[in-house]
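Chemist: Residue numbers (my numbering): 629 to 998.
We treat Cβ as the ideally placed atom computed from N, Cα and C, and that holds for glycine.
Structure incoming, see below.
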């Protein structure tokens, strides 16, 4: 297995991974990165309203050993997933436990170590399954040491950090046509240094401590016997992201502490139709809401603290709602795809100079191709 999820994408054609530091990893798809690509975890957005442009570290906030597969769609996801999928869509699908004919327990212990102390990882997990229920619970601790380069480079210090993750996933077949998935995951990274700030900007300290992400989601799927409406899928997700950055240049009199916290909620309802034998259709709605808290404090040598505006307007909210319709028609060896998506945003924030600000953009995007 790869050390992080971004590193697992480095071998894919058309995908380039930039690592500004050892704890980062940002995929480039069609020359675009950051918030110009849409990243999903089990179909729910990792992207949020403060998802930074340019290379970032968000995709590393996931236990790489919990990933079953990664799907990359280049350039055609704006109707189905959102207009922020300019470069493409990366959907990370975590392992889903499977049913078994007889009750089965599956304890597993993975241990991994590399030379020069660059990695020490231990991951215990246990699973249980029968004909109707399957569940897996796992935890993972990794100590990533300073990265060692070639003969003329040596160790790149500081670049190492530690990571702890905990995840659980339930797969249940409630009856012949109704299924349920429920998952909980949490990842914490500690003392993640920004190596380029030390090396290029000559900072005394520049690190994130901690970086945290928690996600809980539930999805219910119902298969129907109707000749038109085949399936209904409803899902909801809660995601919290917290980052604390500590920095101080060699000439600064104060140490800077920046904290960003975002609480996100997502809801999706999807319907899948068969209009004709060769004509399928999906009609769906989605809602995403973020609440952002952002602060910045300067700690001086005499112990005094000065509060400043954070990186983002604090106590701001962001609501995104959308409805989309996507069709696929198969004609022998030819497949036609067409559809549309209407979405609107409601952004509320407060600026000390401008006062309350409300932004309400909306857009209609469409797709047609063969």
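#1: Which residues bound the beta strand (DSSP E) around residue 1005?
#2: For residue 734, list the residues DSSP reports as bridge partners.
#3: Taking 8 angstroms as the cut-off, decide whether the C-beta atoms of residue 771 and residue 748 are in contact.
#4: Expressed to the nearest angstrom, what Euclidean distance is found between the alpha-carbon atoms of residue 989 and residue 706?
#5: Here's a check: name, in chain order, each residue in its chain whose Cβ is nearer than 7 angstroms to the Cβ of residue 777, leaving out the five neighbours to either side.
#6: Let's see if you can read the secondary structure: which residues bound the beta strand (DSSP E) around residue 679?
#7: With distance defined between alpha-carbon atoms, name the residue in 974, 861 and 691 nearest to residue 632.
#8: Would you tell me roughly how many angstroms separate the C-alpha atoms of residue 857 and residue 851, rounded to the nearest one?
#9: Quick check for students: name the residue ranges of the beta strand (DSSP E) that lie wholly in the region 903 to 957, counting only runs of 3 or more.
#10: In whole angstroms, what separates the C-alpha of residue 924 from that of residue 887?
#11: Return yes when the Cβ of residue 757 is within less than 8 angstroms of the Cβ of residue 728, no when it is not.
#12: Does the distance from the CB of residue 677 to the CB of residue 946 come in under 8 angstroms?
#13: Mapping DSSP to helix, strand and coil, what is residue 634?
#14: Residue 908 and residue 961: beta carbons closer than 8 angstroms?
#15: Between residue 787 and residue 845, what straight-line distance do the alpha-carbon atoms span, to the nearest angstrom?
#16: Name the residue from 689, 646 and 704 whose alpha carbon lies nearest to the alpha carbon of residue 954.
#17: Could you tell me the alpha carbon to alpha carbon distance between residue 736 and residue 730, rounded to whole angstroms?
#18: Any chance you could list the beta strand (DSSP E) runs of at least 3 consecutive residues sitting entirely within the region 739 to 801, in chain order?
#19: Identify the residues that DSSP records as bridge partners of residue 659: which are they?
#20: Output needed for residue 842: all residues of its chain with C-beta closer than 6 angstroms, excluding positions within five of it in sequence on either side, in chain order.
#21: What residues match up with residue 990 in a beta bridge as DSSP calls it?
#22: Below 8 angstroms on the Cβ atoms is my guess for residue 635 versus residue 653; work out the distance and round it to an integer in Å.
#23: So, residue 666 versus residue 675, is the Cβ gap smaller than 8 angstroms?
#24: Per DSSP, residue 701 is paired with what?
#25: Go ahead and pull the three-state DSSP assignment for residue 727.
#26: Helix, strand or coil, according to DSSP, for residue 618 in the structure here?
#27: Measure the C-alpha to C-alpha separation of residue 803 and residue 854 and round it to an integer number of angstroms.
#28: Could you tell me the boundaries of the beta strand (DSSP E) in which residue 861 lies?
Modeler: Concretely, from the data shown:
#1: An answer regarding residue 1005 cannot be provided, because it is not within the stretch 629 to 998 covered by the chain.
#2: Locating residue 734 in the chain shown gives position 106, counting from the first residue. Note: residue 734 sits in a beta bridge opposite 755.
#3: Counting from 1 along the chain shown, the entry for residue 771 is found at position 143. Counting from 1 along the chain shown, the entry for residue 748 is found at position 120. Judged by beta-carbon spacing, residue 748 lies within the 8 angstroms limit of residue 771, meaning their Cβ atoms are closer than that value.
#4: To locate residue 989, count along the chain shown from 1; it is residue 361. To locate residue 706, count along the chain shown from 1; it is residue 78. Cα to Cα, the separation comes out at about 16 angstroms.
#5: Mapped onto the chain shown, residue 777 falls at position 149. These residues qualify, in order along the chain: 784.
#6: Counted from its first residue, the chain shown places residue 679 at position 51. Taken as a continuous stretch (DSSP letters only), residue 679 belongs to no beta strand (DSSP E), as it is neither H nor E.
#7: Stepping through the chain shown from its first residue, residue 632 is reached at position 4. Checking every option, the nearest Cα to that of residue 632 belongs to 691.
#8: For the purposes of this step, residue 857 is taken as the residue at position 229 of the chain shown. For the purposes of this step, residue 851 is taken as the residue at position 223 of the chain shown. Put simply, the backbone Cα of residue 857 is about 9 angstroms away from that of residue 851.
#9: Within the region 903 to 957, the complete beta strand (DSSP E) runs of at least 3 residues are 907 to 928 and 933 to 937.
#10: The residue labelled residue 924 in the question sits at position 296 within the chain shown. The residue labelled residue 887 in the question sits at position 259 within the chain shown. Computed Cα separation, rounded: 6 angstroms.
#11: On the chain shown, residue 728 is found 100 positions in, with the first residue counted as 1. On the chain shown, residue 757 is found 129 positions in, with the first residue counted as 1. Yes. Within cutoff.
#12: One-based indexing of the chain shown puts residue 677 at position 49. One-based indexing of the chain shown puts residue 946 at position 318. Yes, these two residues count as a Cβ contact at 8 angstroms.
#13: Start at 1 with the first residue of the chain shown, and residue 634 comes out as number 6. Correct three-state label for residue 634: helix.
#14: The residue given as residue 908 occupies position 280 in the chain shown. The residue given as residue 961 occupies position 333 in the chain shown. Not a contact, by the Cβ cut-off of 8 angstroms.
#15: Within the chain shown, residue 787 is the residue found at index 159, counting from 1. Within the chain shown, residue 845 is the residue found at index 217, counting from 1. About 33 angstroms.
#16: Here residue 954 corresponds to residue number 326 of the chain shown, with the count starting at 1. Of 689, 646 and 704, the residue nearest in Cα terms is 704.
#17: In the chain shown, the residue the question calls residue 736 occupies position 108. In the chain shown, the residue the question calls residue 730 occupies position 102. The C-alpha of residue 730 is placed about 19 angstroms away from the C-alpha of residue 736.
#18: Runs of beta strand (DSSP E) with 3 or more residues, each lying fully within the region 739 to 801, are found at 748 to 757, 761 to 772 and 789 to 801, listed in chain order.
#19: Position 31 of the chain shown, counting from 1, holds the residue named residue 659. Beta bridge pairing from DSSP links residue 659 with no other residue.
#20: In the chain shown, counting from the first residue as 1, residue 842 sits at position 214. Within its own chain, the residues whose Cβ lies closer than 6 angstroms to the Cβ of residue 842, once the five positions on either side in sequence are excluded, are 814 and 868, listed in chain order.
#21: For the purposes of this step, residue 990 is taken as the residue at position 362 of the chain shown. Beta-bridge pairing by DSSP links residue 990 to 972.
#22: Along the chain shown, one-based indexing puts residue 635 at 7. Along the chain shown, one-based indexing puts residue 653 at 25. Taking a contact as a CB-CB distance under 8 angstroms, the pair residue 635 and residue 653 counts as one, their CB atoms being some 6 angstroms apart.
#23: Residue 666 sits at position 38 when you count from the first residue of the chain shown. Residue 675 sits at position 47 when you count from the first residue of the chain shown. Using a Cβ distance threshold of 8 angstroms, residue 666 and residue 675 count as a contacting pair.
#24: Reading the chain shown from its first residue, position 73 is the one you call residue 701. According to DSSP, which records beta bridges pairwise, residue 701 is partnered with 717.
#25: Taking the first residue of the chain shown as position 1, residue 727 is located at position 99. Residue 727 falls in the coil class under three-state DSSP.
#26: Beyond the ends of the chain as shown, which are 629 and 998, falls residue 618; an answer cannot be given.
#27: Numbered from its first residue, the chain shown carries residue 803 at position 175. Numbered from its first residue, the chain shown carries residue 854 at position 226. Rounded to whole angstroms, residue 803 to residue 854 spans 17 angstroms at the Cα level.
#28: Position 233 of the chain shown, counting from 1, holds the residue named residue 861. Counting along the chain, the beta strand (DSSP E) containing residue 861 begins and ends at 857 to 877.
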